[in-house]
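Convert by adding 7 to the 1-based position in the sequence shown; the result is the number in my numbering. The structure under discussion appears below in the form of structure tokens.
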Amino acid sequence: MAQLKEGDVAPAFALPTDVGGTFSSATLKGKKAVLYFYPKADTPGCTKEAQEFNDLLDDFRKLDCVVLAISPDPMNALARFKAKHGLAFPLLGDERHEMLAAYGVWTEKSMYGRRFMGVERSTFLIGRDGRLARIWRKVKVDGHAREVLAAARSG
């Protein structure tokens, strides 16, 4: 699959949420959205990233911008993560890796000489027109949520 580029139509999705039910991209029509993909709930980097987005959530909401976090974690792990850290935005689980693959973030990784498939920490800002307005790949957590907020404000 070709890598997504800014200006492409955002791939559609429907995924289970941490509170039950399904979240569909169809509900984003006419809104901005931040989709941030992270490797594993309740690990240090993922927790810090979630807390930074959570701290800025009111600012995103003032822009009519939905924040969604997506990982391959099972729903019970997502629900525990959300409750433990008081997160106020939906956590979506993609255990089958279909959305992760569609967005090009399910990739081969390497650690200590071992190769495995995992999530490349990435963020996508979707414009009101349903197109990818900005893409951040191989995200470094510190200050990232603030950078995404600045892009959402300007676009």
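Ideal placement from N, C-alpha and C gives every residue a C-beta, glycine not left out. In this text the structure is predicted, and so the values were computed from the model without any measurement.
C-beta neighbour in chain D for serine 32, strict 7 Å: The chain labelled as chain D is not found in the depicted structure, where only one protein chain is given.
Collapsed DSSP secondary structure at valine 112 in the structure displayed: coil
Contact test: arginine 121 Cβ vs the ligand NAP heavy atom, cutoff 6 Å: Absence of the ligand NAP from the depicted structure is noted, as is the absence of any ligand whatsoever, leaving it without description.
Inter-stretch contact at 8 Å, needing at least 3 Cβ pairs: the segment 46 to 60 / the segment 26 to 33: no
Helix, strand or coil at valine 16 according to DSSP, with G and I counted as helix: strand
For alanine 21, the first and last residue of its enclosing beta strand (DSSP E): 21 to 23
Touch test, the segment 86 to 97 against the segment 119 to 126, Cβ-Cβ under 8 Å, three pairs minimum: no
Valine 26 (DSSP reduced to helix, strand or coil): coil
Buried/exposed call for lysine 39, threshold 16 Cβ in 10 Å: buried
6 Å Cβ shell around aspartate 66 - same chain, five flanking residues per side excluded: Leu156
Limits of the beta strand (DSSP E) - the one that arginine 141 falls within: 139 to 143
Own chain partners of glycine 134 with C-beta closer than 8 Å, once the 5 adjacent residues on each side are dropped: Lys39, Ala140 and Gly162
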